[in-house]
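Since the structure comes first, as structure tokens, the remarks are kept for the end.
Protein chains: 2
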Amino acid sequence: MATITEECLRNIEAIIVNKKRILQRREDLFSYSFDASFGTHLPELVLQPISTDEVVGVVKLANLYKIPLYPRGRGTSLSGGPLPVNGGIVLDFSLWKDKLIIDPDDSIAVVSPGVLTADINAKANEFGFMYPPDPSSAHVSTIGGNLAENSGGPRGLKYGVTKDYVIGLEVVTPEGEIIRTGGRTIKNVTGYDLTKLIVGSEGTLGIITEAILKLIPKPIATKTALVLFDDLVDSGHAISRILSSGILPSKMEIMDQACIIAVEEYKPLGLPTDVEAILLIELDGHPYSIEEEMKKVKSTCLAVGAREVIVAENDEEANELWKARKLVSPAIVKIKPTKISEDATVPRSKIPDMFKKLKEIKETHDINLVVFGHAGDGNLHPNIIADQRDTEEMKRVELAVEEIFKAAIELGGTLSGEHGIGIMKSPFMEMELGTKGLEMMKRIKMAWDPNNILNPGKVFPEPGQRLVLHNG
Amino acid sequence: MATITEECLRNIEAIIVNKKRILQRREDLFSYSFDASFGTHLPELVLQPISTDEVVGVVKLANLYKIPLYPRGRGTSLSGGPLPVNGGIVLDFSLWKDKLIIDPDDSIAVVSPGVLTADINAKANEFGFMYPPDPSSAHVSTIGGNLAENSGGPRGLKYGVTKDYVIGLEVVTPEGEIIRTGGRTIKNVTGYDLTKLIVGSEGTLGIITEAILKLIPKPIATKTALVLFDDLVDSGHAISRILSSGILPSKMEIMDQACIIAVEEYKPLGLPTDVEAILLIELDGHPYSIEEEMKKVKSTCLAVGAREVIVAENDEEANELWKARKLVSPAIVKIKPTKISEDATVPRSKIPDMFKKLKEIKETHDINLVVFGHAGDGNLHPNIIADQRDTEEMKRVELAVEEIFKAAIELGGTLSGEHGIGIMKSPFMEMELGTKGLEMMKRIKMAWDPNNILNPGKVFPEPGQRLVLHNG
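If you read the sequences in order, they're chains A and B. For the first sequence, our numbering gives the first residue as 1, with consecutive numbering after it. For the second sequence, our numbering gives the first residue as 473, with consecutive numbering after it.
Written out as structure tokens, the structure is:
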């Protein structure tokens with residue numbers, strides 16, 4: 001691991017001339033040593049660039065001196081995306097002046113990396129458009145981070161994920177060159193799709209300094225239902241039946257019994273704690289059509305054995321129903337302080353099997369496991385609730401997480417639906433991709449970043465690397 | 473350029489044991505020497521593999537002996553995709569047994585490379601689903617070719633292109649290894665998105681032997697309008713206004729006056745030949761909502777100066793209206809035998825500017841130019857009608873084509889919206905991508921295919937390469 005020499009620092013000061021944007025004090029560095037996942041890793045230096053030219057200068061220096069570079073948005077990653085695991089420099093984009101331009105004629109938004117994702121959608125709404133990707137962190141996470149990790153969210157079922165809305169990028173390559181990928185047109189087949197290669201590459205292939213995002217018309221209306229199931233398996237059938245009946249809900253979220261109980265203990269909403277699952281279904285579109293579709297949803301759910309279907313009559317009632325889902329995360333951390341949030345994803349038809357597997361894993365390893373998530377696209381969020389200080393418990397958690405990954409892959413699924421690999425899942429990459437599949441990815445990394453300076457230690461496992469969550 | 477030795481041929485015969493699937497006679501080879509673009513290039517050998525194992529064997533040999541490999545579907549490419557420009561071996565997938573499985577529970581189709589694209593949509597329809605990408609060649613082109621070129625079509629405006637529906641691939645790498653990318657889940661962020669890198673890479677990064685495609689619910693109803701504009705610029709305004717009013721039509725096609733005249737001379741439909749443009753607009757969705765949307769479309773068009781809006785009352789009338797658009801291609805080749813079909817694409821708001829530029833180019837170079845295409849997404853099809861035997865005319869055509877590309881890029885657009893680069897547009901790649909952008913693509917090619925055996929001579933320009941359409 002390279003250390004930043006005096007000479008190098010002087011060169012950095014020639015690029016970032018405002019010394020206030022060069023952080024070296026230990027207490028400052030500490031703020032950049034963690035994210036929403038595990039572990040703390042101190043960088044040697046934090047830089048706060050405010051222009052593409054500054055990024056170019058820093059990247060060129062880092063490449064010359066072989067210093068690891070870790071781009072960072074707001075640090076909400078659940079997979080360790082921005083963690084400076086090899087020390088080096090963190091690039092913090094928080095001081096970069098927000099650029100957020102909506103062009104209604106081309107139905108696009110042009111954004112700088114530090115813009116909050118929710119602000120993009122809010123601004124698009126003003127013009128009658130929508131930016132669909134809605135990770136639950138949207139109000140606190142930046143589009144830069146969303147682009148790096150290819151964030152998803154509940155609307156993924158109908159509208160896809162971040163990648164599906166990026167049509168152009170300005171990127172600084174690992175050698176400090178500026179390239180522009182894609183552009184302002186929705187159709188573009190000129191050469192390889194570098195846009196979709198870079199989005200989701202977790203900051204390992206380039207630093208995104210601007211993005212052009214596709215917007216779509218905002219749906220006129222939405223309608224929400226909360227469905228109670230005595231039997232979890234029935235909820236799986238309801239999902240399949242609805243989705244093969246010609247209806248594509250904008251959201252389709254599931255909560256298992258453990259979630260429901262946790263919510264009721266945290267903030268009583270009057271949910272029945274004896275049901276095995278709750279489905280929250282949102283339809284969007286023309287008021288006439290969603291009215292008709294909701295009738296079909298209701299009868300389908302009842303036909304497969306739902307106990308009750310509660311349909312919101314207006315937006316206020318809908319918000320009331322969504323409270324149940326929104327309270328899950330705050331509720332479960334009341335049980336124990338440490339939340340290990342996974343996003344292993346299975347083909348939609350395998351949701352009941354995955355639930356069965358998760359139940360087995362929970363019992364075998366004696367862990368506190370709750371399951372909620374985006375049921376419509378098979379993107380479940382098994383969350384393990386534990387106490388990080390309890391080394392023995394954390395070892396059981398590690399084994400359980402490993403088995404969750406194995407189960408998802410055995411069922412034809414994937415390690416990660418929307419959180420990314422980072423350091424949390426890299427030890428399991430080969431299990432899903434095979435030696436050759438992983439190698440083909442590595443070849444791209446090596447061809448683009450021969451000195452391995454961009455976000456090193458992520459995505460690709462180190463030889464013999466294993467998941468470690470315990471401190472002992 | 474390597475020649476296939478006797479030894480190499482014996483090795484091939486050990487892989488493709490049925491000699492009927494090894495074609496060597498000149499008359500057989502000739503059938504594989506052209507596609508729907510320009511030029512004839514004889515391969516040395518044509519192989520007709522019927523399994524992934526055979527492909528693996530052939531690719532390994534080709535890599536060993538450094539023989540160019542040219543995968544081929546039905547040869548409908550408009551950019552020279554399958555042309556064996558360096559000789560070598562053509563891999564013809566036409567004898568591969570069709571695999572076309574619809575899994576309604578996961579809303580996916582699993583297909584082999586030789587399946588006709590229209591058959592996928594037809595089969596999906598039986599289950600209430602739709603496979604949206606609809607290149608006009610869908611009834612004669614294979615999904616393998618569509619995947620290689622990332623084909624578009626009229627529905628691209630609302631539904632996107634081929635890439636947007638591919639979630640998993642089986643691929644034989646340029647070194648003959650089998651990898652599986654993505655899978656059966658809609659969300660997948662495990663490592664780099666090799667799926668979307670390979671789709672649209674025009675057969676230069678791997679040979680696709682199986683694909684998993686995402687299906688969506690088939691819309692209940694459609695509604696079509698034909699709109700007449702005295703002024704071409706007004707049609708551009710209509711497009712912008714409709715798309716920023718919250719309506720996303722499933723199709724939005726434009727025909728200029730030259731097209732209309734050609735159609736009326738070819739097969740009189742009673743279209744007024746004194747209008748400057750016709751827009752064909754199709755809405756899909758719930759019958760109630762499209763009824764309401766169509767009213768809005770009509771009033772918007774009239775407000776910006778449309779002469780008349782003809783709304784089809786039923787599917788039969790709609791088919792009648794679409795005839796105008798469908799007859800354009802057969803009509804224009806009656807004028808002169810050679811059709812140079814471009815797909816330069818501009819941001820939607822630049823369509824009027826692009827029309828102006830095209831008019832200038834037409835006059836400057838004294839060429840026969842008609843324009844139609846997918847107006848909603850800026851993907852125009854300027855078609856030059858000429859006679860290939862007229863060397864002097866073809867030289868003017870070359871200059872005109874070059875200027876079309878320049879115009880598109882100057883307006884913030886791209887060389888190709890849906891036909892691909894192939895050999896037809898490779899000389900212009902750097903103009904759009906810049907030296908560095910092109911280099912980053914090349915690095916991937918070199919990292920994956922160090923011996924440059926997969927579809928060599930495509931996408932990347934040879935030093936000093938220029939567009940040549942004339943024979944003299």
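From the three backbone atoms N, C-alpha and C, an ideal C-beta is built for every residue, glycine too.
Bridge partners - residue i, DSSP secondary structure assignment
i: threonine 886 of chain B; result: B:Thr817
i: glutamate 754 of chain B; result: B:Thr696 and B:Lys723
i: lysine 811 of chain B; result: B:Ile857
i: glycine 182 of chain A; result: A:Gly168
i: threonine 614 of chain B; result: B:Leu588
i: tyrosine 65 of chain A; result: DSSP output for tyrosine 65 of chain A lists no bridge partner at all.
i: isoleucine 208 of chain A; result: A:Val171
i: alanine 749 of chain B; result: B:Phe701 and B:Asp728
i: isoleucine 688 of chain B; result: B:Met602
i: tyrosine 926 of chain B; result: Looking at the sequence provided, one finds leucine at residue 926 of chain B rather than tyrosine. Bridge partners of leucine 926 of chain B: B:Leu541.
Assumed close pair residue i, residue j - CB separation to whole angstroms, cut-off 8 Å
i: phenylalanine 418 of chain B; j: leucine 629 of chain B; result: This structure cannot settle anything about residue 418 of chain B, because the visible part of chain B is limited to 473 through 944.
i: isoleucine 384 of chain A; j: leucine 399 of chain A; result: So it is not a contact: roughly 11 Å between Cβ atoms.
i: glutamate 432 of chain A; j: leucine 415 of chain A; result: 5 Å
i: alanine 697 of chain B; j: valine 783 of chain B; result: 5 Å
i: aspartate 449 of chain A; j: proline 132 of chain A; result: Their Cβ separation, rounded to whole angstroms, is 31 Å, which puts aspartate 449 of chain A and proline 132 of chain A out of contact at 8 Å.
i: aspartate 949 of chain B; j: valine 587 of chain B; result: A query on residue 949 of chain B cannot be resolved here, the shown segment of chain B reaching from 473 to 944 and no further.
i: leucine 358 of chain A; j: leucine 205 of chain A; result: Leucine 358 of chain A to leucine 205 of chain A, Cβ: 34 Å. No contact.
i: aspartate 577 of chain B; j: arginine 348 of chain A; result: 7 Å
i: lysine 336 of chain A; j: aspartate 387 of chain A; result: 5 Å
i: alanine 683 of chain B; j: glycine 640 of chain B; result: 7 Å
i: aspartate 849 of chain B; j: isoleucine 120 of chain A; result: Contact doesn't hold; Cβ gap of about 21 Å is too wide.
i: threonine 479 of chain A; j: valine 140 of chain A; result: As shown, chain A starts at 1 and ends at 472. That puts residue 479 of chain A outside it, with no answer to give.
i: glutamate 674 of chain B; j: glycine 894 of chain B; result: 7 Å
Unbroken alpha helix (DSSP H) run spanning residue i, endpoints
i: asparagine 11 of chain A; result: 6-15
i: glutamate 780 of chain B; result: Counting along the chain, glutamate 780 of chain B falls outside any alpha helix (DSSP H), though it belongs to the beta strand (DSSP E) covering 778-783.
i: lysine 196 of chain A; result: 194-198
i: lysine 491 of chain B; result: Counting along the chain, lysine 491 of chain B falls outside any alpha helix (DSSP H), and DSSP gives it neither H nor E.
i: tyrosine 159 of chain A; result: 156-159
i: asparagine 319 of chain A; result: 315-326
i: isoleucine 351 of chain A; result: 351-365
i: serine 289 of chain A; result: 287-303
i: aspartate 464 of chain B; result: With chain B covering only 473 through 944, there is no way to say anything about residue 464 of chain B.
Proximity to residue i [Cα-Cα], best of the options
i: serine 551 of chain B; options: B:Lys767, B:Glu621 and B:Ile651; result: B:Glu621
i: phenylalanine 844 of chain B; options: B:Lys878, B:Glu479 and B:Met724; result: B:Met724
i: isoleucine 561 of chain B; options: B:Lys532, B:Gly586, B:Ile574 and B:Leu572; result: B:Lys532
i: phenylalanine 34 of chain A; options: A:Asn18, A:Ala221, A:Ala124 and A:Val85; result: A:Val85
i: glycine 663 of chain B; options: A:Lys295, A:Leu302 and A:Gly81; result: A:Gly81
i: arginine 797 of chain B; options: B:Glu763, B:Asn924 and B:Pro626; result: B:Pro626
i: methionine 602 of chain B; options: B:Ile670, B:Arg868, B:Asp500 and B:Pro689; result: B:Pro689
i: valine 346 of chain A; options: A:Glu410, A:Met394, A:Tyr159 and A:Pro330; result: A:Glu410
i: isoleucine 208 of chain A; options: A:Glu54, A:Met394 and A:Thr3; result: A:Glu54
i: tryptophan 322 of chain A; options: A:Thr40, A:Asp119, A:Gly305 and A:Ile278; result: A:Ile278
i: alanine 596 of chain B; options: B:His611, B:Ile573 and B:Pro585; result: B:Ile573
i: glutamate 393 of chain A; options: A:Gly378, A:Ile340 and A:Glu430; result: A:Ile340
i: glutamate 316 of chain A; options: A:Ser31, A:Met446 and A:Lys223; result: A:Lys223
i: isoleucine 22 of chain A; options: A:Ala36, A:Ile50, A:Glu264 and A:Pro272; result: A:Ile50
i: glycine 464 of chain A; options: A:Gly434, A:Thr338 and A:Phe428; result: A:Phe428
i: glycine 617 of chain B; options: B:Ile670, B:Glu780 and B:Gly848; result: B:Ile670
i: aspartate 606 of chain B; options: B:His891, B:Lys914 and B:Pro759; result: B:His891
i: valine 643 of chain B; options: B:Tyr637, B:Lys659, B:Leu619 and B:Ile823; result: B:Leu619
i: glutamate 308 of chain A; options: A:Ser235, A:Ala258 and A:Asn319; result: A:Ser235
Check: residue i C-beta below 6 Å from any heavy atom of the ligand PLP
i: valine 531 of chain B; result: As for the ligand PLP, it is missing from this structure, which has no ligand bound.
Limits of the beta strand (DSSP E) - the one that residue i falls within
i: leucine 519 of chain B; result: 517-519
Give the list of continuous beta strand (DSSP E) stretches no shorter than 3 residues that lie fully inside the region 220-257 of chain A. Listed in chain order, the beta strand (DSSP E) runs fully inside the region 220-257 of chain A are 221-229 and 251-256, counting runs of at least 3 residues.
Taking only runs that begin and end inside the region 368-436 of chain A, name each unbroken beta strand (DSSP E) of 3 or more residues, in chain order. Within the region 368-436 of chain A, the complete beta strand (DSSP E) segments at least 3 residues long are 368-374 and 379-386, listed from N- to C-terminus.
Could you pull out every unbroken alpha helix (DSSP H) segment of at least 4 residues lying fully inside the region 81-130 of chain A, listed in chain order? Every alpha helix (DSSP H) stretch that sits fully inside the region 81-130 of chain A and reaches 4 residues is listed by chain position as 117-126.
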